[in-house]
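First the structure, in the form of C-alpha cells, and then the observations on it.
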Amino acid sequence: MSSWYVYIASSRAGKLYVGISTDPQRRLKEHNTGHGSRFAKQNGELELVYISPALINQSEARKREIQLKGWTRQEKLKLISGDGI
0 MSSWYVYIAS
10 SRAGKLYVGI
20 STDPQRRLKE
30 HNTGHGSRFA
40 KQNGELELVY
50 ISPALINQSE
60 ARKREIQLKG
70 WTRQEKLKLI
80 SGDGI
C-alpha cells in the first residue's frame, strides 16, 4: 500500500498549485514535461515548495487537497514557510 502526499508547487511567476500523488517528485516531472495539469501547461515549469507528511490513503489526501485549495494564498504561504496551520 502506497502512502499519499499533498504537495504544493510554485510557478516562476509565483502562482501556487495544490495536488496529490504517491510520488510528488515523479508527478512534478510529469507536470514539467507536459503530462501534468492544465495549470502547468499555462504557467510553465513548476518547483515543489511543500510536501505534506505521508497520508494513509488517497481519500485522506484528497480531503486535505480540497481543504488547502480553499485556503487563501497567504495561508498557503504560511504553511510552506513552516508556520503552517
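Numbering (numbering that gives the first Met the number 0), first residue to last: 0 to 84.
In this text, a Cβ means the ideal position worked out from N, Cα and C, and glycines have one as well.
Quick caveat, the model's predicted, so the values are computed rather than measured.
Bridge partner(s) assigned by DSSP for residue i
i	result
I65	Note: I65 sits in no beta bridge, so no partner.
I50	Y6
L45	S10
Exposure of residue i, with buried meaning 16 or more beta-carbon neighbours within 10 Å
i	result
I104	Not covered by the structure: residue 104. The range shown for the chain is 0 to 84.
H34	exposed
E44	exposed
A12	exposed
S9	buried
E64	buried
R26	buried
K28	exposed
N42	buried
Delimiting residues of the beta strand (DSSP E) encompassing residue i
i	result
L15	L15 to S20
N- and C-terminal bounds of the alpha helix (DSSP H) containing residue i
i	result
H30	P23 to N31
N42	R37 to N42
L76	R72 to K77
Q: Decide if the stretch 18 to 25 is in contact with the stretch 46 to 65; the criterion is three or more beta carbon pairs, one per stretch, under 8 Å apart.
A: Three or more beta-carbon pairs separated by less than 8 Å link the stretch 18 to 25 to the stretch 46 to 65, which places the two stretches in contact.
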